[in-house]
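Residue numbers (our numbering), protein chains in the order written: chain A, 18 to 245; chain B, -7 to 213. Backbone N, C-alpha and C fix where the C-beta goes; we use that ideal spot for every residue, glycine too. Worksheet: the structure to be examined is printed underneath.
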């Protein structure tokens, strides 16, 4: 018991001392997750809107595929993109493997189905008169869709936060595509895995605490939005 | 006098329902009442005139307009549903929506919003939250949101359906006054006497057929 409590005190002390290693891992996690979620929003929101508003053959199949992608293990996404970015892969010549770019690509692939599914659920639950009302007031289809996003903005923000929460806490993609390179692609999750395996439990625990704080803030924000 | 809108050889069908209008033309600054039973096709005809529903056959023309782009033409017509939807935000936000789409300057928006709210009897409602209004107030805001755009043609689907009996005479008086603001009004109703009270010209629709209309034909289109 002393071991755990002593480790916890040491971990808090490490965070408060603004340890450089901790800072770097936190920074890499936050910036890759933020960039990934912005790109995922650019693709996921239109996909969710499209599936929610349009009726076409094969729509059900696409929704099922999207649900399946949501449950896809992160290591499988990492494995597929590893094949794409590895030296022998189709994008191998760009030398992206084990760079933050590869990590962001993997995290984006991970987040898009989450964002799209949340937005789809919001569109399905939205008042069907929004689009028609905007159209009667002179809006084009695009302008009416923008108005719909405004009406469901809290749901869309919840989608982005859920996607962010998934991305920042994942380890498979970051490990396989980032390679856990110190100061470059080492995130909080990969650092926890590595340092703990090396016996640096206090360091791992300090990053775990930071990650818990991020998860707590994200969930508090999500709850606040859902209550609105 | 040039009509605001002309309909010719319109046929619209969905399942067993069929709507047909051989000829119809509506003239500026008049009020028309579209009467008929439930399911007769009143709402569908209004939506066709609003360019929200495309008929399988026939043409809808706005003789005063040079463009044939539906997105541009739709800016000359506004349609208010029987149970209108107000966007989240204030009453002012709702009225400003269509004005912003038309590129109206901010000062002009504020001036027109204040004026239009006073026309519908909602002075001082600018900052009220739209979602907190009663159904009668919602109906009036929806009317104001359409009227503020100064449309050539204003289409109202059962505008008094959500208004209590005590407030109906005032609302009918408002409908009768609307042509004074340069707008042609078509409203649907079950009540022929309401059409008389408003002083509207009658358009009767029965089983999807336009039976009587003020102008026999518009062969010019």
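Identify whether residue 158 (chain A) lies in helix, strand or coil by the three-state DSSP scheme.
-> helix
Taking only beta-carbon positions, decide if residue 154 (chain A) is within less than 8 Å of chain B.
-> yes
Neighbouring residues, chain B, relative to residue 146 (chain A) (Cβ below 7 Å) | 73 and 77
Between residue 44 (chain B) and chain A, is there a C-beta pair that is closer than 8 Å?
-> yes
Residue 124 (chain A) beta carbon less than 8 Å from that of residue 184 (chain A) = yes
Quick one: what's residue 82 (chain B) bridged to in DSSP?
-> By DSSP's assignment, residue 82 (chain B) forms a beta bridge with B:121.
Nearest-angstrom Cα separation, counted from residue 178 (chain A) out to residue 240 (chain A) = 10 Å
Per-residue contacts from residue 164 (chain A) into chain B (C-beta, under 9 Å) | Per Cβ cutoff of 9 Å: 79 and 89.
Straight-line Cα distance separating residue 90 (chain A) from residue 65 (chain A) = 21 Å
With 9 Å as the limit, tell me which residues of the segment 160 to 192 of chain A have their beta carbon closer than that to any beta carbon of chain B; keep them in chain order.
-> 160, 164, 167, 168 and 170
Name, going along the chain, the residues of the segment 59 to 72 of chain B whose beta-carbon falls closer than 7 Å to a beta-carbon of chain A.
-> 63, 66, 67, 70 and 71
Can you list, in chain order, the residues of its chain whose CB lies under 7 Å from that of residue 22 (chain B), leaving out five sequence neighbours each side?
-> 171, 176 and 193
Selection from A:234, A:55, A:149 and A:225 that minimises the alpha carbon distance to residue 31 (chain A) | A:225
Starting from the C-beta of residue 184 (chain B), find all residues in its chain whose C-beta is less than 6 Å away, skip the five residues before and the five after it, and write them out in chain order.
-> 27
Terminal residues of the alpha helix (DSSP H) in which residue 130 (chain B) lies | From DSSP, the alpha helix (DSSP H) with residue 130 (chain B) extends over 127 to 139.
Could you name the residues that DSSP lists as bridge partners for residue 24 (chain B)?
-> B:178 and B:193
For residue 72 (chain B), the three-state DSSP class (helix, strand or coil) | strand
Write down every uninterrupted run of the beta strand (DSSP E) in the segment 3 to 52 of chain B whose length is 3 residues or greater and which is fully enclosed by it, in chain order.
-> 9 to 18 and 23 to 27, all fully within the segment 3 to 52 of chain B.
Give a yes or no on whether the minimum CB-CB distance between residue 103 (chain B) and chain A is below 8 Å.
-> With 8 Å as the cut-off, residue 103 (chain B) does not count as an interface residue toward chain A.
Would you list the one or two residues that DSSP bridges to residue 1 (chain B)?
-> Note: residue 1 (chain B) sits in no beta bridge, so no partner.
Relative to chain A, which residues along the segment 129 to 148 of chain B have a C-beta separation below 8 Å, given in chain order?
-> 137, 138 and 141
For residue 214 (chain B) versus residue 191 (chain B), is the C-beta spacing smaller than 8 Å?
-> This structure does not reach residue 214 (chain B), given that chain B is present from -7 up to 213, and the question cannot be answered.
Name the DSSP bridge partner or partners of residue 201 (chain B)?
-> DSSP output for residue 201 (chain B) lists B:12 and B:198 as bridge partner(s).
Does residue 93 (chain B) have its Cβ less than 8 Å from a Cβ in chain A?
-> yes
Determine the direct distance from the alpha carbon of residue 9 (chain B) to that of residue 209 (chain B), and round the result to whole angstroms.
-> The pLDDT assigned to residue 209 (chain B) is 37, lower than 50, so where the model puts this residue is not dependable, and the model offers no usable value.
Would a C-beta distance cut-off of 8 Å place residue 16 (chain B) and residue -1 (chain B) closer than the cut-off?
-> yes
Of all the CB atoms in chain B, is at least one closer than 8 Å to the CB of residue 150 (chain A)?
-> yes
Check whether residue 11 (chain B) and residue 165 (chain B) have beta carbons under 8 Å apart | no
Residue range of the unbroken alpha helix (DSSP H) whose run includes residue 47 (chain A) = Per DSSP, residue 47 (chain A) is one residue of the alpha helix (DSSP H) stretching across 37 to 70.
Start and end of the alpha helix (DSSP H) containing residue 127 (chain A)?
-> 117 to 142
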